[in-house]
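Numbering (the working numbering), first residue to last: 944 to 1111.
By construction, the Cβ of each residue, glycine as well, lies at the ideal position given by its N, Cα and C atoms.
Below is one structure, written out as structure tokens; comments come after it.
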């Protein structure tokens, strides 16, 4: 499964079994780790796993699955865990899942300059990577963005020049 599959979203990485009762230690790939408490199942490979218990401790998620009752059973679950998009909460205004932004056309004022190719988090804010006719990065801040919809993001040339990420 690919992170760009928009029906199933990558939510975490199963690291290893924890204990002897089939619990699995998971590294969360979402900002709000508590989201794991709201979902009923995850996908591992092409197998749907029903969650029976969720614990959060020291920034890790510990999942117990129905029908996985021993450490040996849990050993086979290592790697990417996905969730059906329909199981995720609807986001509020001006909130977006990263997977929905990847690939969007990027415009500076009225000129198309590329597409969003990556987004990563710095402590202060997210940073968007643009690839195409122009290659650059910019902070994901409201003052930089003129508009954003499901097809494109329009950026302010003057603000980008002011913060020295774009010099054309």
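- Length of the line joining the Cα atoms of residue 952 and residue 1024: As a first step, residue 952 is located in the chain shown; it is residue number 9 there, counting from the start. As a first step, residue 1024 is located in the chain shown; it is residue number 81 there, counting from the start. Rounded to whole angstroms, the gap between the alpha carbons of residue 952 and residue 1024 is 8 Å.
- Item | In DSSP terms, what residue 996 is bridged to | For this step, residue 996 is matched to residue 53 along the chain shown. 1007, per the DSSP bridge assignment.
- Task: Can you give me the Cβ contacts of residue 888 inside the same chain, cut-off strictly under 6 Å, excluding the 5 residues immediately before and after it?
- Result: No statement about residue 888 is possible, as the shown extent of the chain runs from 944 to 1111 and does not include it.
- How far does the alpha helix (DSSP H) with residue 1100 in it reach, from first residue to last? In the chain shown, residue 1100 corresponds to position 157, counting from 1. 1100 to 1105 is the extent of the alpha helix (DSSP H) around residue 1100.
- So which of 960, 1067, 1092 and 1070 has the shortest CA-CA distance to residue 1013? What you label residue 1013 is simply residue 70 of the chain shown in a count that begins at 1. If we check each option's Cα against that of residue 1013, 960 comes out closest.
- Query: residue 1088: which of 1077, 1070 and 998 sits nearest, CA to CA?
  - Reply: The residue you call residue 1088 lines up with position 145 of the chain shown. Among 1077, 1070 and 998, the Cα nearest to that of residue 1088 belongs to 1070.
- First through last residue of the beta strand (DSSP E) which encompasses residue 1112: Here the chain has residues from 944 to 1111 only, and residue 1112 is not among them.
- Message: Is it the case that the segment 995 to 1012 contacts the segment 969 to 979, given that we only count it when at least three CB pairs across the two stretches are under 8 Å?
- Response: With a cut-off of 8 Å, the segment 995 to 1012 and the segment 969 to 979 count as touching, because enough Cβ pairs lie within range.
- Cβ pair residue 1004, residue 1042 closer than 8 Å: Within the chain shown, numbered from 1, the residue matching residue 1004 stands at position 61. Within the chain shown, numbered from 1, the residue matching residue 1042 stands at position 99. Not a contact, by the Cβ cut-off of 8 Å.
- Looking at C-alpha atoms only, which residue of 1081, 975 and 958 is the closest neighbour of residue 1102? Along the chain shown, read from residue 1 onward, the residue named residue 1102 stands at position 159. Answer by Cα proximity: 1081.
- Query: Since residue 1018 is in the alpha helix (DSSP H), which residue starts that stretch and which ends it?
  - Reply: In the chain shown, counting from the first residue as 1, residue 1018 sits at position 75. Segment 1014 to 1018, the alpha helix (DSSP H) holding residue 1018.
- Message: Measuring only the C-alpha atoms, how far is residue 1083 from residue 1068?
- Response: By one-based count along the chain shown, residue 1083 stands at place 140. By one-based count along the chain shown, residue 1068 stands at place 125. Take the alpha-carbon of residue 1083 and the one of residue 1068: they are about 7 Å apart.
- Message: Can you check which of these residues, 985, 993, 1018 and 975, is closest to residue 962 by C-alpha distance?
- Response: On the chain shown, position 19 is the one that residue 962 refers to. When C-alpha distances from residue 962 are compared across 985, 993, 1018 and 975, the shortest belongs to 1018.
- Task: Can you give me the start and stop residues for the alpha helix (DSSP H) that residue 1043 sits inside?
- Result: Walking along the chain shown from the start, residue 1043 turns up at place 100. Annotation for residue 1043: the continuous alpha helix (DSSP H) segment containing it runs 1041 to 1044.
- Cut-off 8 Å between Cβ atoms - residues of its own chain near residue 956, not counting five sequence neighbours on either side: Start at 1 with the first residue of the chain shown, and residue 956 comes out as number 13. Excluding sequence neighbours, residue 956 sits near 969, 970, 972, 1022, 1023 and 1024.
- Are residue 1020 and residue 1097 touching if we call contact CB-CB under 8 Å? To locate residue 1020, count along the chain shown from 1; it is residue 77. To locate residue 1097, count along the chain shown from 1; it is residue 154. Going by C-beta atoms, residue 1020 is not nearer than 8 Å to residue 1097.
- Item | Residues near residue 1062 by beta carbon distance below 8 Å, same chain, minus five either side | As a first step, residue 1062 must be located in the chain shown, where it is residue number 119. Around residue 1062: 1041, 1044, 1045, 1069, 1070, 1071, 1072 and 1083.
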